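Student: Chains as they are written, first to last, in my numbering: chain B, 7 to 194; chain V, 7 to 194.
Yeah, the Cβ is synthetic: ideal placement off N, Cα and C, and Gly gets one too.
These figures come from a predicted structure and were not determined experimentally.
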DNA sequence: GTCTATAGGCAGATAGAC
DNA sequence: GTCTATCTGCCTATAGAC
């Protein structure tokens, strides 16, 4: 149920799908859907909550299984690539576009997703720089924000153009610029 | 008429506004709107056409009035910042999110916008590198794609978070990394 | 939990008078 | 060009039977 709705939102947007779409796909009626999610806002909140939980769990998984900072970044970028490969946008990236049309509680949940996401990334960046494995000029927070924006934007623009390599090129370039050992160090 | 519709699409998305919204704002009826734009798709096509024309005219203006490559980039980034300052997304960035729900001709027009946009930017980047004013590792085309994605994404994520400085920080970082003279040169 | 049935509203769109 | 009036369809949502 959430699976079907999630796919629809990530592909078509929150304003681009209906209860009827979800119900048809599941072979049930819209009335049944309303039993589980009284209103579309409830469904939306549930979707963000589950997506966030899964995403942050994946971040924890990366921390647990990957030591190297560069490899952690690579794994992090892969989370986005996996979404895009399924011809979807990041759920919260899509909702960010539709932000002005969303109920308040959904807006707050979207903001919270990005803040937590960027906080985790900033931590990884900070640690990587500490170990002299990653190199960037500004604060870890600013760098994290820049990276999240770039990844979300790369997904956004890649999908219409339909060439997955475009996203990969952007991700590779981010990774390269962070890994190059001499470039930024000289300017600190 | 197009002004009102454009604002609505850039703020709320193509699926997030109606003929009634436009008509109300203008003090006319939806029937009158249908006289000028038979269907929503026609309105959408007209919006993209005008937005693209205006955007590309602005690019021409930059070429005509600014010589320095770095300053051209700065002016280019400012086009995006100006849109965001009005609490809007790039029209085609918004439509890229909703891509899967758009009529075919609108999809084609969105793709065309990005291709022309990136072609212009790649030309500026190439010239700048030629003059040793800009520095990047891959092809001008790849770099242009990366920049467009980053700018679109920065707008996307900045708006919900509501802090314009976030976009500026991302733009500055792009500009800085392109301007630094030593970093990439060593790795060519 | 799922159904049928239906409400009430708004969407995009059209006919025809002025 | 703009209007009134209207259509048809889809949307979210609810009542109540099974």
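1) Between the alpha carbons of residue 37 (chain B) and residue 30 (chain B), how many angstroms are there, rounded?
2) Check the Cβ-Cβ distances between residue 109 (chain V) and every residue of chain B, and say whether any is below 8 Å.
3) At a CB-CB cut-off below 7 Å, which residues of chain B make contact with residue 18 (chain V)?
4) Are the segment 76–88 of chain B and the segment 39–48 of chain B in contact at 8 Å, needing three or more beta carbon pairs?
5) Can residue 150 (chain B) and residue 128 (chain B) be called in contact, C-beta distance under 8 Å?
6) Going along the chain, which residues of its own chain have a beta-carbon closer than 8 Å to the beta-carbon of residue 190 (chain B), five neighbours each way excluded?
7) Alpha carbon to alpha carbon, what distance is there between residue 131 (chain B) and residue 10 (chain V)?
8) Return helix, strand or coil for residue 9 (chain B), following the three-state DSSP convention.
9) Inspect the CB distances between the segment 49–62 of chain V and the segment 9–23 of chain V and report whether three or more fall short of 8 Å.
10) Along the segment 33–46 of chain V, what residues have a CB closer than 8 Å to any CB found in chain B?
11) For residue 107 (chain V) versus residue 62 (chain V), is the C-beta distance shorter than 8 Å?
12) Measuring CA to CA, which of B:79, B:146, B:165 and B:139 is closest to residue 178 (chain B)?
13) Any C-beta of chain V within less than 9 Å: which residues of the segment 159–190 of chain B qualify?
14) Among the residues of its own chain, which have a CB less than 7 Å from the CB of residue 133 (chain V), if the five just before and after it don't count?
15) Given that residue 58 (chain B) touches chain V, what residues does it touch there, using C-beta distances under 7 Å?
16) Check whether the Cβ atoms of residue 162 (chain V) and residue 99 (chain V) sit closer than 8 Å, and answer yes or no.
17) Kindly indicate if chain V contains any beta-carbon less than 8 Å away from that of residue 139 (chain B).
18) Shorter than 8 Å from the beta carbon of residue 25 (chain V) to some beta carbon of chain B?
19) From this set, B:105, B:173 and B:167, which residue's C-alpha is nearest residue 83 (chain B)'s C-alpha?
20) Hey, could you find the ends of the alpha helix (DSSP H) residue 113 (chain B) is sitting in?
21) Have a look at residue 171 (chain V) and residue 152 (chain B) and give me their C-alpha separation to the nearest angstrom.
22) Can you give me the C-alpha to C-alpha distance between residue 18 (chain V) and residue 112 (chain B), rounded to a whole angstrom?
23) Chain V beta carbons: is any one of them nearer than 8 Å to that of residue 132 (chain B)?
24) Can the beta-carbon of residue 158 (chain B) be found closer than 8 Å to that of residue 159 (chain V)?
25) For residue 117 (chain V), which residues of its own chain have a beta-carbon under 6 Å away from its beta-carbon, when the five flanking residues on both sides are left out?
26) What first and last residue would you give for the alpha helix (DSSP H) that runs through residue 107 (chain V)?
27) In terms of alpha-carbon separation, which member of B:81, B:148 and B:119 lies closest to residue 231 (chain B)?
28) Would you kindly work out how many angstroms separate the C-alpha atoms of residue 20 (chain B) and residue 97 (chain B), rounded to a whole number?
29) In or out: residue 16 (chain V) buried (at least 16 other Cβ within 10 Å) or exposed?
Tutor: Checking against the coordinates, here is how it stands:
1) Position 31 of the first chain, counted from the first residue, corresponds to residue 37 (chain B). Position 24 of the first chain, counted from the first residue, corresponds to residue 30 (chain B). About 12 Å.
2) Taking the first residue of the second chain as 1, we reach residue 109 (chain V) at position 103. Residue 109 (chain V) does not count as touching chain B.
3) In the second chain, the residue the question calls residue 18 (chain V) occupies position 12. Per Cβ cutoff of 7 Å: 106 and 107.
4) no
5) Within the first chain, numbered from 1, the residue matching residue 150 (chain B) stands at position 144. Within the first chain, numbered from 1, the residue matching residue 128 (chain B) stands at position 122. Yes, the pair counts as a contact, with Cβ atoms nearer than the cut-off.
6) Numbered from 1 along the first chain, position 184 holds the residue referred to as residue 190 (chain B). Confidence at residue 190 (chain B) is low in this model, with a pLDDT of 47, below 50, so its placement is unreliable and the value that follows should be read with caution. Cβ within range, chain order: 141, 142 and 143.
7) Along the second chain, read from residue 1 onward, the residue named residue 10 (chain V) stands at position 4. Along the first chain, read from residue 1 onward, the residue named residue 131 (chain B) stands at position 125. Taking the straight line from one Cα to the other gives about 43 Å.
8) For the purposes of this step, residue 9 (chain B) is taken as residue 3 along the first chain, with counting starting at 1. DSSP places residue 9 (chain B) in helix when its eight states are reduced to three.
9) yes
10) none
11) The sequence position of residue 107 (chain V) within the second chain is 101, counting from 1. The sequence position of residue 62 (chain V) within the second chain is 56, counting from 1. Their beta carbons are not under 8 Å apart, which means residue 107 (chain V) does not touch residue 62 (chain V) by this criterion.
12) Mapped onto the first chain, residue 178 (chain B) falls at position 172. Measuring from the Cα of residue 178 (chain B), the nearest candidate turns out to be B:79.
13) 159, 160, 161, 162, 163, 164, 165, 166, 167, 168, 172, 173, 175, 176, 178, 179, 180, 182, 183, 186, 188, 189 and 190
14) Translated into the one-based positions of the second chain, residue 133 (chain V) becomes position 127. Same-chain partners within the cutoff: 75.
15) Taking the first residue of the first chain as 1, we reach residue 58 (chain B) at position 52. Residues of chain V passing the Cβ test: none, with the nearest at roughly 14 Å.
16) Locating residue 162 (chain V) in the second chain gives position 156, where the first residue counts as 1. Locating residue 99 (chain V) in the second chain gives position 93, where the first residue counts as 1. In this structure, residue 99 (chain V) lies closer than 8 Å to residue 162 (chain V) by Cβ.
17) Position 133 of the first chain, counted from the first residue, corresponds to residue 139 (chain B). No, no contact with chain V.
18) Indexing the second chain from 1 puts residue 25 (chain V) at position 19. By this cut-off, residue 25 (chain V) is not an interface position.
19) Within the first chain, the letter at position 77 stands for residue 83 (chain B). Considering only alpha carbons, the answer is B:173.
20) Taking the first residue of the first chain as 1, we reach residue 113 (chain B) at position 107. Per DSSP, residue 113 (chain B) belongs to the alpha helix (DSSP H) from 110–136.
21) Counting from one through the second chain, the residue named residue 171 (chain V) turns up at place 165. Counting from one through the first chain, the residue named residue 152 (chain B) turns up at place 146. The alpha-carbon atoms of residue 171 (chain V) and residue 152 (chain B) are separated by roughly 12 Å.
22) Sequence index remark: in the second chain, residue 18 (chain V) carries index 12 (1-based). Sequence index remark: in the first chain, residue 112 (chain B) carries index 106 (1-based). Cα-Cα distance, rounded: 15 Å.
23) For the purposes of this step, residue 132 (chain B) is taken as the residue at position 126 of the first chain. With 8 Å as the cut-off, residue 132 (chain B) does not count as an interface residue toward chain V.
24) Here residue 158 (chain B) refers to the residue found at position 152 of the first chain. Here residue 159 (chain V) refers to the residue found at position 153 of the second chain. Yes, they are a contact pair.
25) Locating residue 117 (chain V) in the second chain gives position 111, counting from the first residue. Cβ neighbours of residue 117 (chain V) beyond the five flanking positions: none.
26) Taking the first residue of the second chain as 1, we reach residue 107 (chain V) at position 101. Premise fails: residue 107 (chain V) is in no alpha helix (DSSP H) and is neither H nor E.
27) As shown, chain B starts at 7 and ends at 194. That puts residue 231 (chain B) outside it, with no answer to give.
28) As a working mapping, residue 20 (chain B) is identified with position 14 in the first chain. As a working mapping, residue 97 (chain B) is identified with position 91 in the first chain. For residue 20 (chain B) and residue 97 (chain B), the distance between alpha carbons rounds to 9 Å.
29) For the purposes of this step, residue 16 (chain V) is identified with residue 10 of the second chain, where counting begins at 1. Result: buried.
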